[in-house]
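S.K.:
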Ligand code: 13P
Ligand code: SF4
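Residue numbers (the working numbering): 211 to 530.
#1: Compare the beta carbon distance of residue 409 and residue 454 with 9 Å and say whether it is the shorter of the two.
#2: Please find out if some non-hydrogen atom of the ligand SF4 comes closer than 8 Å to the beta-carbon of residue 346.
#3: Compare the Cα-Cα distances from residue 448 to each of 245, 465, 270 and report the closest residue.
#4: For the ligand SF4, any of its heavy atoms closer than 8 Å to the Cβ of residue 304?
#5: To which residues of the same chain is residue 313 closer than 6 Å at the C-beta, ignoring the five residues directly before and after it?
#6: Beta-carbon within less than 8 Å of residue 489's beta-carbon, same chain only, minus the 5 sequence neighbours each way: which residues are those?
#7: What's the C-alpha gap between residue 270 and residue 365?
#8: Is residue 390 a contact residue of the ligand 13P, with contact defined as CB to any heavy atom under 8 Å?
#9: Quick check on residue 320: buried or exposed, where buried means 16 or more other Cβ atoms within 10 Å of its Cβ?
#10: Assuming residue 275 is part of the beta strand (DSSP E), what are its boundary residues?
#11: Under 9 Å between the Cβ atoms of residue 283 and residue 329?
#12: Below 9 Å between beta carbons: does that hold for residue 439 and residue 424?
#13: With a threshold of 16 other CB atoms inside 10 Å of the CB of residue 215, please say whether the residue is buried or exposed.
#14: In this structure, how does DSSP classify residue 521 when only helix, strand and coil are distinguished?
#15: Whole angstroms are fine: how far does the CA of residue 494 sit from the CA of residue 266?
#16: Considering only heavy atoms of the ligand FAD, does any lie closer than 8 Å to the CB of residue 491?
#17: Considering only heavy atoms of the ligand SF4, does any lie closer than 8 Å to the CB of residue 330?
#18: To the nearest angstrom, report how far apart residue 331 and residue 344 are at their CA atoms.
#19: Going by Cα to Cα distance, which pick from 212, 247, 442, 310 is closest to residue 226?
#20: Return the bridge partner residues of residue 235 from the DSSP annotation.
#21: Which residues in the same chain as residue 203 place their Cβ atom closer than 6 Å to its Cβ, once the five residues preceding and following it in sequence are excluded?
#22: Is residue 241 near the ligand 13P, going by C-beta to nearest heavy atom under 8 Å?
#23: Quick test of the definition: if touching needs 3 or more C-beta pairs under 8 Å, does the region 292-311 touch the region 503-517?
#24: Quick check on DSSP: helix, strand or coil for residue 351?
#25: Nearer than 8 Å: is that true of the beta carbon of residue 277 relative to any heavy atom of the ligand SF4?
#26: Would you tell me roughly how many angstroms separate the C-alpha atoms of residue 477 and residue 318, rounded to the nearest one?
Dropping the structure here:
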């Protein structure tokens, strides 16, 4: 595919800003989005921040630069607004690791369990959940559930193992799902990296294959020190830390907002190949087309929106 020139990108950005104003639209973008897309967004953040922004906006239209489950969450929070996603192919391997039928079957096996589900799930799956959580508030949501209650946590096994370790709770059953971008990041790899960069701080997303082992080892005498954080948590932490150098274990799109907010600090990707092809489907030309032609609109059955709203609302109330 032919690369778009810097001048054309600038032209398109201007058109986007003009159309956005004309249509009273808001552009919400995830931290992994392409730099030129982030630069025209009204808000750039993690899943929780984006859900909060979607919940409070008074714009008539939301153009969501992220993946489908995020745009669906924005629609569930705004059933009467137009929510667009510039490319409907922007899926999520983690959200695809459980279907609503599989969840119903799992619930049949544990009829008394509370169902706690990561925001990276389809709207259909959310209809069968009691609570939604994100990487920012997972521990808070789990701690809000009475300790004697059995929990079904889905769909990310690595995030689930990390939550289990942090909360020290044994009665959590974890679904065997994972994100293809994060799953391969191993403890050995992180340890080696840290040895080559002893003055850098290691920031890890809980979806990474190494998150619970890194956390466990960080408590040992000779273990490496790590911080397990959401994408926006990493940006906030890096801004406040006295350290100058950080190893970042998550999708590489995060490097742009990290550097933008901390121009004098250094950020080294744990894995340069950690690219989410779904996030990168949202390009500046598709964003412009989306605003010009009002495509592609997120539509969900009314019943699905009503049922999926309750666990999302619980999450937002807990997060406040
Ligand atoms: P955050 O909510 O931490 O941004 O994570 C979302 C995601 O999809 C990570 O892969
Ligand atoms: Fe989904 Fe993984 Fe992409 Fe995040 S990085 S959107 S979890 S596929």
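Cβ coordinates follow ideal geometry from the N, Cα and C atoms, glycine included.
This one's a predicted model, so the numbers in the text were calculated from it and none came from an experiment.
M.R.: The relevant details are as follows:
#1: Counting from one through the chain shown, the residue named residue 409 turns up at place 199. Counting from one through the chain shown, the residue named residue 454 turns up at place 244. Yes, Cβ-Cβ distance for residue 409 and residue 454 is below 9 Å.
#2: Walking along the chain shown from the start, residue 346 turns up at place 136. Every heavy atom of the ligand SF4 is 8 Å or more from the Cβ of residue 346, so no.
#3: For the purposes of this step, residue 448 is taken as residue 238 along the chain shown, with counting starting at 1. Nearest C-alpha to residue 448: 465.
#4: Within the chain shown, residue 304 is the residue found at index 94, counting from 1. At least one heavy atom of the ligand SF4 lies less than 8 Å from the C-beta of residue 304.
#5: Position 103 of the chain shown holds residue 313. Cβ neighbours of residue 313 beyond the five flanking positions: 335, 338.
#6: Numbered from its first residue, the chain shown carries residue 489 at position 279. Answer for residue 489: 240, 242, 243, 276, 277, 300, 461, 463, listed in chain order.
#7: Counting from one through the chain shown, the residue named residue 270 turns up at place 60. Counting from one through the chain shown, the residue named residue 365 turns up at place 155. C-alpha separation (whole angstroms): 33 Å.
#8: Within the chain shown, residue 390 is the residue found at index 180, counting from 1. No, the ligand 13P has no heavy atom inside 8 Å of this Cβ.
#9: Your numbering for residue 320 matches position 110 in the chain shown. Classification for residue 320: exposed.
#10: By 1-based counting over the chain shown, the position of residue 275 is 65. Element bounds for residue 275: 271-275.
#11: Mapped onto the chain shown, residue 283 falls at position 73. Mapped onto the chain shown, residue 329 falls at position 119. Yes.
#12: If you number the chain shown from 1, residue 439 lands on position 229. If you number the chain shown from 1, residue 424 lands on position 214. Taking a C-beta distance under 9 Å as the contact criterion, residue 439 and residue 424 do not qualify as a contact pair.
#13: Indexing the chain shown from 1 puts residue 215 at position 5. Exposed, by the Cβ-count rule.
#14: One-based indexing of the chain shown puts residue 521 at position 311. Note: residue 521 maps to helix in three-state DSSP.
#15: Your numbering for residue 266 matches position 56 in the chain shown. Your numbering for residue 494 matches position 284 in the chain shown. The straight-line gap from Cα to Cα measures roughly 25 Å.
#16: Looking at this structure, you won't find the ligand FAD anywhere; what it does contain is the ligand 13P and the ligand SF4.
#17: As a working mapping, residue 330 is identified with position 120 in the chain shown. The answer is yes for residue 330.
#18: Here residue 331 refers to the residue found at position 121 when the chain shown is read from its first residue. Here residue 344 refers to the residue found at position 134 when the chain shown is read from its first residue. Taking the straight line from one Cα to the other gives about 11 Å.
#19: Locating residue 226 in the chain shown gives position 16, counting from the first residue. Checking every option, the nearest Cα to that of residue 226 belongs to 247.
#20: Numbered from 1 along the chain shown, position 25 holds the residue referred to as residue 235. Note: residue 235 sits in a beta bridge opposite 271.
#21: Lying before the first or after the last residue shown, residue 203 is absent from the chain, which here runs from 211 to 530.
#22: Along the chain shown, read from residue 1 onward, the residue named residue 241 stands at position 31. Correct: residue 241 has its Cβ closer than 8 Å to the ligand 13P.
#23: yes
#24: Your numbering for residue 351 matches position 141 in the chain shown. Per DSSP, reduced to three states, the secondary structure at residue 351 is helical.
#25: Translated into positions along the chain shown, residue 277 becomes position 67. Flag set: Cβ of residue 277 near the ligand SF4.
#26: Translated into positions along the chain shown, residue 477 becomes position 267. Translated into positions along the chain shown, residue 318 becomes position 108. Straight-line measurement puts the Cα of residue 318 at about 46 Å from the Cα of residue 477.
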